[in-house]
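In UniProt numbering, the protein residues as written are 1 to 274.
Here it is, written out as structure tokens:
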């Protein structure tokens, strides 16, 4: 059995299949972990959703910001973004089944046996592992069993931008969602910044990558994430694994075989930047 971790799909179904063929992925014995953003800018988001769902217990994904936006759009809270190519999801006969399945996916996966934590964007510099898992569960429980319409309707805001254990209600939930699905840069006082999306070397001096801040968790645990395509070519700490390599933007898709830390890549077959 092998464990494979793959970066953001963003509807790039063909590249995923080519990668799985390359490693001879066998769902009867192998496991596939995905960092979220299964959908959005590529033209085969529907196929991505159906395929990952069809793998059953052989596949595990966390929710990304585009996944949450798709759910919000399905509920009529938002409209389809002009650059997203998800229209065929809304006319699919299994539309409701797919959205319900997606809504029940986690924000954080902790694979204790082989030793990694996976989220879409990262972990707050103010959280230890217990807090991160507890915060993820808070949001997951609402998405699965609570008033998820209210949650998704009110998640679109950059505030609060700093953690406080006394946060309650929608502000607490919004901070949690933003950390797990949108975070890239932080100020050195741990406030979140959502404006800067550049490579680290091009960022303003007052900002740094979330994983470079002083949090013991970032040194003690292997953390796997996606979301940040402009990290391509950037050296991260040895236990920090950034898997989004911008396939949908014409770069390539990255897959990591966790057992021996071997990387596999597949060049994009199409560029959706325009």
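We put the beta carbon where it would ideally sit given N, CA and C, even for glycine. Every value quoted in this text rests on a predicted model; they were computed, and no experiment measured them.
Residue of 259, 273 and 266 minimising C-alpha distance to residue 249: 273
From 163, 174, 130 and 164, residue whose alpha carbon lies closest to that of residue 150: 174
Residues that DSSP places opposite residue 77 in a beta bridge: Partner(s): none; residue 77 has no beta bridge.
Per-residue DSSP class, three states only, for residue 194: coil
CB contact flag (residue 62, residue 123, <8 Å): no
DSSP three-state assignment for residue 31, whether helix, strand or coil: strand
Inter-residue spacing [alpha-carbon to alpha-carbon] between residue 101 and residue 53: 8 Å
Coil, strand or helix - residue 5 by DSSP: strand
Continuous beta strand (DSSP E) stretch holding residue 267: start and end: 262-267
Start-to-end residues for the beta strand (DSSP E) that takes in residue 257: 252-257
Assigned secondary structure, residue 232 (DSSP; H/G/I helix, E/B strand, else coil): coil
Rounded straight-line distance, which links the Cα of residue 135 to that of residue 167: 11 Å
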